[in-house]
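Student: Before I ask anything, here is the structure I am working with.
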Amino acid sequence: MLNTSAPTHISNPHTSSIIDLTLCSASIYNEIDCYVFDCTFESDHIPIVISWSKFQNTTRSIKTINWKPIITKSIEIFNTTSQPNIDLITHQISRTISAHTSNKILVDKDYPSWWNAACHNFSHLKKLAWNKARRSIATTEWIKYKKYRSKFKFHFKKAKENYWDSISQISRNPRMFFKILNKLSSHTNPNVKYHEIIFHNNRYVTNPITQSNLFANHFSSYSHEVQPIPLDYSTENEFLNRNIEFWELKRAISKTKNSTPGADNIPSIWFKNLDDASLLKILGMLQQQLDFFCSSQSLETHYHYPNS
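In terms of this note's numbering, the numbers along the sequence shown are unbroken and rise by one, the last being 296.
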């Protein structure tokens, strides 16, 4: 009987392990819910879950972004800014996205650990389509319901497989062990932020501030680990310092598959929903930055690259 809310031990493969047994007092027997979990996680063990009604379930939240007012406000920012600056525009867009982003707390249901935004959204759309199809009895509504049901099954299965694949990859590597602990902590405590582990000077650094300082010290030092690489530009290179074309920008935006936002909190979907006038202003800012850092054809430039 595994304690699913607070695991007390994680063991490596082919080593002795400790089973976290849950003891139930007779005085609270009538308030205990005991059931066999419907997934064995590709293991020969059958999980038995015991829950006490006086314990509150771990709250889960789904981040929702309302893109329509964000795009409208973004276009307004581009139209009202006479001399757009990348830093200024980025700051205003980030604030706009944050203002229209909400975290909805999921209540009244014990969601599985792999439940994500895609599962939640398509589950909701599937229920709405099911109710509408039963009322109208129209072929188009049943086709829509089957589409949402298929998408929900796909995302649910994908999220479930990815979650348990990452959890079950236990090894003797402390880096992997630290990742597993982070994943478990993030599901039992939604306020815990996930970050990586860095091996430096025969010790493992887990503090985010210390990691940032190590990164800054490494790339700001003139050590032997950072070596200059000469780049000799040929005067016959016709593509040197060439202006960025508008179609190149649109193609790059349309083909990007990275949906995760960076430090500025601006994901790729924001670029894909902008109109051409706003994209032209972005192109102008990018071209301005390129012109500022462009290299002369007769100049030998040195770039610094880390070895690792």
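Virtual Cβ for every residue (Gly too), placed ideally from N, Cα, C.
1) Is residue 141 helix, strand or coil by DSSP?
2) Going by Cα to Cα distance, which pick from 257, 240, 103 and 255 is closest to residue 271?
3) Can you round the beta-carbon distance between residue 74 and residue 254 to whole angstroms, since I take them to be within the 8 Å contact cut?
4) From this set, 146, 117, 104 and 262, which residue's C-alpha is nearest residue 131's C-alpha?
5) Quick check: what's the CA-CA separation for residue 365 versus residue 198?
6) For residue 140, which residues of its own chain have a beta-carbon under 6 Å away from its beta-carbon, when the five flanking residues on both sides are left out?
7) Taking only three categories from DSSP, how would you classify residue 237?
8) Using a Cβ-Cβ cutoff of less than 6 Å, which residues in the same chain neighbour residue 68 once the five nearest sequence positions on both sides are dropped?
9) Identify whether residue 91 lies in helix, strand or coil by the three-state DSSP scheme.
10) Could you give the uninterrupted runs of the alpha helix (DSSP H) lying entirely in the stretch 66 to 121, keeping only those of 4 residues or more?
11) Since residue 55 and residue 232 should fall inside the 8 Å C-beta cutoff, what is the C-beta to C-beta distance between them, to a whole number of angstroms?
12) Pick helix, strand or coil for residue 257, following the three-state DSSP scheme.
13) Pop quiz: residue 266 and residue 62 are said to be a contact at Cβ under 8 Å. What is the actual Cβ separation, rounded to whole angstroms?
14) Using a threshold of 9 Å, state whether the C-beta atoms of residue 53 and residue 262 are closer than that.
15) Between the beta-carbon of residue 80 and the beta-carbon of residue 65, is there less than 9 Å?
Tutor: Result, derived from the coordinates:
1) Within the sequence shown, residue 141 is the residue found at index 153, counting from 1. Collapsing the DSSP output to three states places residue 141 in a helix.
2) The count along the sequence shown starts at 1 and reaches residue 271 at position 283. Among 257, 240, 103 and 255, the Cα nearest to that of residue 271 is on 240.
3) For the purposes of this step, residue 74 is taken as residue 86 along the sequence shown, with counting starting at 1. For the purposes of this step, residue 254 is taken as residue 266 along the sequence shown, with counting starting at 1. About 12 Å separates the two Cβ atoms, so there is no contact after all.
4) Counted from its first residue, the sequence shown places residue 131 at position 143. Residue nearest to residue 131 within the set 146, 117, 104 and 262 is 117 (criterion: CA-CA distance).
5) Any answer about residue 365 is impossible in this case: the structure gives the chain only from -11 up to 296.
6) What you label residue 140 is simply residue 152 of the sequence shown in a count that begins at 1. When the five nearest sequence neighbours on each side are left out, the beta carbons in the same chain lying within less than 6 Å of the beta carbon of residue 140 are those of 110, 111 and 114, in order along the chain.
7) The count along the sequence shown starts at 1 and reaches residue 237 at position 249. Reduced to three states, the DSSP call for residue 237 is helix.
8) Taking the sequence shown and counting its residues from 1, the one referred to as residue 68 is at position 80. Sequence-distant partners of residue 68 (beyond 5 residues in either direction) whose C-beta falls short of 6 Å from its own C-beta are missing from its chain.
9) Stepping through the sequence shown from its first residue, residue 91 is reached at position 103. Here DSSP, grouped into helix, strand and coil, assigns residue 91 to strand.
10) The qualifying runs are 74 to 87.
11) Sequence index remark: in the sequence shown, residue 55 carries index 67 (1-based). Sequence index remark: in the sequence shown, residue 232 carries index 244 (1-based). No, residue 55 and residue 232 are not in contact; Cβ-Cβ is about 26 Å, not under 8 Å.
12) By one-based count along the sequence shown, residue 257 stands at place 269. In the three-state scheme derived from DSSP, where H, G and I count as helix and E and B as strand, residue 257 is classed as helix.
13) In the sequence shown, the residue the question calls residue 266 occupies position 278. In the sequence shown, the residue the question calls residue 62 occupies position 74. Indeed they touch by this definition, with Cβ atoms about 7 Å apart.
14) Residue 53 sits at position 65 when you count from the first residue of the sequence shown. Residue 262 sits at position 274 when you count from the first residue of the sequence shown. Contact check for residue 53 against residue 262 fails: the beta carbons are separated by 9 Å or more.
15) Start at 1 with the first residue of the sequence shown, and residue 80 comes out as number 92. Start at 1 with the first residue of the sequence shown, and residue 65 comes out as number 77. Yes, they are a contact pair.
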